[in-house]
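> The structure under discussion is supplied below as structure tokens; questions concerning it will follow.
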Amino acid sequence: MADSRTAYRTCPFCEAACGLELTIAGERVVAARGDRDHVFSHGFVCPKGATFGQVTDDPDRLRRPLVRRAGTHVEVDWDEAFDVVAAGLRPVLETYGPHAVAIYLGNPNVHTMAGGLYLSPLVKALGTRNVFSASTVDQMPKHVSCGYLFGSPLTIPVPDLDRTDLLLMLGANPWESNGSLATAADFPGRLKAIQERAGRFIVVDPRRTRTAAHANEHLFIRPGTDAFLLFGIVHTLFADNLLNPSPYVEGVSAVGRLAEDFAPSVVAPVCGVPADRIRSLAHELAASPRAAVYGRIGTCTVEFGTLTSWLVDVVNALTGNLDRPGGVMFPLAPHVRRGKGTGKGFRVGRWHSRVRGLPEVKGELPVATLADEIETPGDEQVRALVTVAGNPALSTPNSGRLDRALSGLSFMVSVDPYLNETTRHADVVLPPPDAVRKGHYDFSFLALAVRNFAAYNPPVLPPLPGAMDECDILARLTAIVSGAPSSPAEPERLLDAALRAGPYGLTLEQLVASPHGIDLGPLEPRLPEVLRTPSGRVELCPEPLAADVERLRGALDREPGGLVLIGRRHLRSNNSWMHNVPALVKGRDRCTLQLHPADAARLDLTDGDDAQVTSRVGTLTARVEVTDTVMPGVVSLPHGWGHDVPGTRQTVAAAHPGVNSNVLTDESVIDPLSGNSVLNGIPVEIKPLVRS
1 MADSRTAYRT
11 CPFCEAACGL
21 ELTIAGERVV
31 AARGDRDHVF
41 SHGFVCPKGA
51 TFGQVTDDPD
61 RLRRPLVRRA
71 GTHVEVDWDE
81 AFDVVAAGLR
91 PVLETYGPHA
101 VAIYLGNPNV
111 HTMAGGLYLS
121 PLVKALGTRN
131 VFSASTVDQM
141 PKHVSCGYLF
151 GSPLTIPVPD
161 LDRTDLLLML
171 GANPWESNGS
181 LATAADFPGR
191 LKAIQERAGR
201 FIVVDPRRTR
211 TAAHANEHLF
221 IRPGTDAFLL
231 FGIVHTLFAD
241 NLLNPSPYVE
251 GVSAVGRLAE
261 DFAPSVVAPV
271 CGVPADRIRS
281 LAHELAASPR
291 AAVYGRIGTC
301 TVEFGTLTSW
311 LVDVVNALTG
321 NLDRPGGVMF
331 PLAPHVRRGK
341 GTGKGFRVGR
351 WHSRVRGLPE
361 VKGELPVATL
371 ADEIETPGDE
381 QVRALVTVAG
391 NPALSTPNSG
401 RLDRALSGLS
411 FMVSVDPYLN
421 ETTRHADVVL
431 PPPDAVRKGH
441 YDFSFLALAV
451 RNFAAYNPPV
461 LPPLPGAMDE
471 CDILARLTAI
481 VSGAPSSPAE
491 PERLLDAALR
501 AGPYGLTLEQ
511 LVASPHGIDL
521 GPLEPRLPEV
531 LRTPSGRVEL
541 CPEPLAADVE
551 RLRGALDREP
561 GGLVLIGRRH
571 LRSNNSWMHN
581 VPALVKGRDR
591 CTLQLHPADA
601 ARLDLTDGDD
611 AQVTSRVGTL
621 TARVEVTDTV
631 MPGVVSLPHG
641 WGHDVPGTRQ
651 TVAAAHPGVN
661 SNVLTDESVI
671 DPLSGNSVLN
681 GIPVEIKPLV
691 RS
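What follows is the structure, given as structure tokens:
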């Protein structure tokens, strides 16, 4: 292409951290493909990454701040926008105190340098206990279980995909999600490589997902019962003398006592996996010299999410596969300093929510109680809200209630590139620049990568006239709430300092000179260095987790019955904000209610019918898709849809609205140890839609 140039970029659309090769013509990205020389992704790209230019050039993307006047959002300059923010936030802080202001952080923050460097100062300046994020929607159980086991909620072991011979995956669909809490570019290719070296991977899921279809074996399981299956495996490891505990592990015998009541014959009727298969799974994991158990969103968004996340690593530890090549291992990110092997440990409940008394976890409260804090009068009632890169009006349980609550706030400011279902309530919307106009470094995902590497991308294009960098937006907000003078943000200087102090002694200059990244080698054993427990050991049976086993034991006699709802993921979708790209929503309708043929026949429903779906908190109408990819008794809707509300400016999404599955999820039901929302296994009733 004449007058074009090539630039390289890490894709910011999911956790895989793939390298992109961009073709730039003038001031536009006209093509995106996988970077074949990238040290981590080796040319892999998914449909989302291939639309990079369409996302950055989206005509609906906001380029200037918006202020709501007389119910309509109008463009203003930055100084006026921040003046409105100060006039809205400062009186709330001064009159009602810091806890009257809440902040919600969406998951796109982990894809930006601004999120990694400038959100913590903003939260600290606010001084509020009402901190909420997407973490309590999809991943907090893993943080809590790892916090108790290893002493830090950020010390998360990942499967060593490139060396394992046996991988057991629960509630994970990386063929479409590209992985989560395990950064693995070309996750599908790495799974195929396991099979090519005569290894196996087994998928446990209520749906026969695309990942399950490629697996050596797929086991259907009743939604929300993974903890029973895993405890059955643990029971077998003890009963059949299969233990080979990893080094630096204590509490093994205590775990054995807890497992006594969860024999395979006892848990099989609950989870739906045959007892003989549970036993053989235990034997296979114990016999393999390189095996790993990996659980993700499907294991976190359930009522026993923390116990399930804990048991995943209990099995890894009891079979000797924790911190062992081919098992699960701890990445060493280039910006993180090495530890000393001991610390203060992990605790929760340093404060509690005002209305429901829910404990703080990892510095935040469960987003399931945000509507309570807004709606309930009294001292420290939430009257103002700051959102950064999040859409809780779609992504949180009983989101219809939260959507109504947002309209009652005294003031709301959002940092977001779109006027969406959440930001339509904002008094001020502050749009960050698109990804090609700012530097990129993955603070979060390099600490979760299945192979150690480093990559930084400088801006590809200059800032648009009148634009403000996201780091400067957050720094300016911090100055407003703290009353301190604002100073220019310096993210690259901070990154360079972190790299120089890190384990490899890298510099930002080295990363800039290496546009395809720097390979830092395979994962290496890191125990006990990574531990932050007071004992300096992996504390396999912490008291809070042991105590919660009684709640699990009480569910052994629960009779399964009725239909339950689960979510699902699509390769061309990443939550709600990817639905405004034509290439990612074209084709057949993906926002359908999947239903097993036996259930469809019983309910007198056929493919293409409309059905009414009702839960304790809401009702919606969805198009039926009859398929045997879901097990009987289970129905499935994807998350992140429901783009049919007024006041938004997302033309493509509005033309493909779908339905919001979180109209049906229940904010009153959470995993008590982590505060995570329960979004899978929701009891529902379904009947054919009767049209008048």
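Numbering follows full-length UniProt numbering, in which position 309 of the sequence shown is assigned residue number 309; successive positions increment by one, without gaps. Ideal placement from N, C-alpha and C gives every residue a C-beta, glycine not left out.
Could you please give the first and the last residue of the uninterrupted alpha helix (DSSP H) stretch that includes F150?
By one-based count along the sequence shown, residue 150 stands at place 150. Its alpha helix (DSSP H) spans residues 140-150.
> Assess, as a yes-or-no matter, whether the region 449-461 is touched by the region 3-23 under the definition of 3 or more beta carbon pairs within less than 8 Å.
Flag = yes, the region 3-23 and the region 449-461 touch.
> Would you mind sorting V415 into buried or exposed? The rule is 16 or more other CB atoms within 10 Å of its CB.
The residue given as residue 415 occupies position 415 in the sequence shown. Looking at its Cβ environment, which holds 16 or more other Cβ atoms inside 10 Å, V415 is buried.
> Can you name, in chain order, every residue of its own chain whose Cβ lies under 8 Å from the Cβ of V30, other than the five neighbours on each side?
Translated into the one-based positions of the sequence shown, residue 30 becomes position 30. Contacts found: M1, S4, T23, I24, G53.
> DSSP on L571, reduced to helix/strand/coil?
The count along the sequence shown starts at 1 and reaches residue 571 at position 571. L571: coil per DSSP, three-state reduction.
> Give me, in chain order, the residues of the same chain whose beta-carbon lies closer than 8 Å to that of E380; leave out the 5 immediate sequence neighbours on both sides.
Here residue 380 corresponds to residue number 380 of the sequence shown, with the count starting at 1. For E380, where only same-chain residues beyond five positions count, the Cβ hits under 8 Å are Y96, G97, H99, A100, R354.
> Report all residues from its chain with a CB closer than 8 Å to the CB of T164; omit the five preceding and five following residues, and keep chain order.
As a working note, residue 164 is residue 164 in the sequence shown. These residues qualify, in order along the chain: I194, G199, R290, A291, A292, G326, G327.
> Should S482 and A259 be called a contact, given that it needs their Cβ atoms to be closer than 7 Å?
Numbered from 1 along the sequence shown, position 482 holds the residue referred to as residue 482. Numbered from 1 along the sequence shown, position 259 holds the residue referred to as residue 259. Not closer than 7 Å, so no.
> Around the C-beta of N244, are 16 or more other C-beta atoms found within 10 angstroms, so that it is buried, or is it exposed?
Numbered from its first residue, the sequence shown carries residue 244 at position 244. With fewer than 16 other Cβ atoms within 10 Å, it is exposed.
> I think G618 touches V659, with their Cβ atoms under 8 Å apart; what is that distance to the nearest whole Å?
Mapped onto the sequence shown, residue 618 falls at position 618. Mapped onto the sequence shown, residue 659 falls at position 659. 11 Å between Cβ atoms; not a contact.
> Who are the Cβ neighbours of G529 in its own chain at under 8 Å, not counting the five residues just before and after it?
Residue mapping note: residue 529 aligns to position 529 of the sequence shown, counting from 1. The question names Gly, but residue 529 in the sequence shown is Glu. Contacts found: R338, G339, K340, G341.
> Compute the distance between the beta-carbons of L545 and Y148, then report whether it is under 7 Å.
The residue you call residue 545 lines up with position 545 of the sequence shown. The residue you call residue 148 lines up with position 148 of the sequence shown. Yes, Cβ-Cβ distance for L545 and Y148 is below 7 Å.
> Quick check on Q650: does DSSP put it in helix, strand or coil?
Here the question's residue 650 lines up with position 650 in the sequence shown. Q650: coil per DSSP, three-state reduction.
> Just verifying my parser: in three-state terms, what is the DSSP assignment at V585?
As a first step, residue 585 is located in the sequence shown; it is residue number 585 there, counting from the start. Reduced to three states, the DSSP call for V585 is helix.
> Roughly how many whole angstroms lie between the Cα atoms of L117 and T72?
Mapped onto the sequence shown, residue 117 falls at position 117. Mapped onto the sequence shown, residue 72 falls at position 72. Cα to Cα, the separation comes out at about 33 Å.
> Looking only at its chain, what residues have a beta carbon closer than 7 Å to the beta carbon of A215, apart from the 5 residues adjacent to it on each side?
Along the sequence shown, one-based indexing puts residue 215 at 215. Same-chain partners within the cutoff: F201, I202, V203.
> Check this for me: beta carbons of G675 and T136, under 7 Å apart or not?
Position 675 of the sequence shown, counted from the first residue, corresponds to residue 675. Position 136 of the sequence shown, counted from the first residue, corresponds to residue 136. Their beta carbons are under 7 Å apart, which means G675 touches T136 by this criterion.
> Let me confirm a value: T236 is counted as buried when at least 16 other C-beta atoms fall within 10 Å, else exposed. Which label applies?
As a first step, residue 236 must be located in the sequence shown, where it is residue number 236. The residue in question, T236, is buried, as its Cβ has 16 or more Cβ neighbours within 10 Å.
> Should the region 252-269 be called in touch with the region 530-545, which here means at least 3 C-beta pairs below 8 Å?
Verdict: yes, contact present.
> When the Cα atoms are used, what is the spatial distance from R33 to L20?
Against the sequence shown, residue 33 aligns to sequence position 33. Against the sequence shown, residue 20 aligns to sequence position 20. Taking the straight line joining both Cα atoms gives about 6 Å.
> Spatial neighbours of V39 within its chain, please: CB distance less than 7 Å, with the 5 preceding and 5 following residues excluded, ordered by chain position.
Locating residue 39 in the sequence shown gives position 39, where the first residue counts as 1. Within the same chain, V39 has close Cβ partners F453, H516, G517, I518, D519.
> Cβ atoms of L448 and L181: under 7 Å apart, would you say?
If you number the sequence shown from 1, residue 181 lands on position 181. If you number the sequence shown from 1, residue 448 lands on position 448. Yes, the pair counts as a contact, with Cβ atoms nearer than the cut-off.
> Which same chain residues end up closer than 7 Å to I670 when comparing Cβ atoms and leaving out the 5 residues on each side of it in sequence?
For the purposes of this step, residue 670 is taken as the residue at position 670 of the sequence shown. Closer than 7 Å at the Cβ level, and outside the excluded window around I670, lie P366, A368, N676, S677, V678.
> What whole-angstrom Cβ distance do residue 715 and R383 have, given they're in contact under 8 Å?
The requested residue 715 is not part of the displayed model; the chain covers only 1 to 692.
> Does DSSP classify N130 as helix, strand or coil?
As a working note, residue 130 is residue 130 in the sequence shown. N130 falls in the coil class under three-state DSSP.
> On the three-state DSSP scale, how would you describe P206?
The residue given as residue 206 occupies position 206 in the sequence shown. Residue state, collapsed to three classes: coil.
> For T651, count neighbouring C-beta atoms within 10 Å of its own C-beta (all shown protein chains included) and say buried if the count is 16 or more, exposed if not.
To locate residue 651, count along the sequence shown from 1; it is residue 651. Exposed is the call here.
> Is the separation between the beta-carbon of A489 and that of D472 shorter than 7 Å?
Start at 1 with the first residue of the sequence shown, and residue 489 comes out as number 489. Start at 1 with the first residue of the sequence shown, and residue 472 comes out as number 472. Against a cut-off of 7 Å, the Cβ pair of D472 and A489 comes out as a contact.
> Going by DSSP, what residue range makes up the alpha helix (DSSP H) through A234?
By 1-based counting over the sequence shown, the position of residue 234 is 234. The amino acid occupying residue 234 in the given sequence is Val; Ala does not appear at that position. From DSSP, the alpha helix (DSSP H) with V234 extends over 226-239.
> Give me the Cα-Cα distance between A501 and P47, rounded to the nearest whole angstrom.
Taking the first residue of the sequence shown as position 1, residue 501 is located at position 501. Taking the first residue of the sequence shown as position 1, residue 47 is located at position 47. C-alpha separation (whole angstroms): 37 Å.
> With distance defined between alpha-carbon atoms, name the residue in D60, V110, G179 nearest to R569.
Taking the first residue of the sequence shown as 1, we reach residue 569 at position 569. Checked all of D60, V110, G179; the closest Cα to R569 is G179.
> Quick one: what's got a C-beta closer than 8 Å to E176's C-beta in the same chain, skipping five residues either side?
Mapped onto the sequence shown, residue 176 falls at position 176. Correct list, in chain order: T209, R210, T211, R569, H570, L571.
> Using three-state DSSP, classify N109 as helix, strand or coil.
Numbered from 1 along the sequence shown, position 109 holds the residue referred to as residue 109. Three-state result, N109: helix.
> What three-state label does DSSP hand T629 in the structure shown?
Along the sequence shown, read from residue 1 onward, the residue named residue 629 stands at position 629. Note: T629 maps to coil in three-state DSSP.
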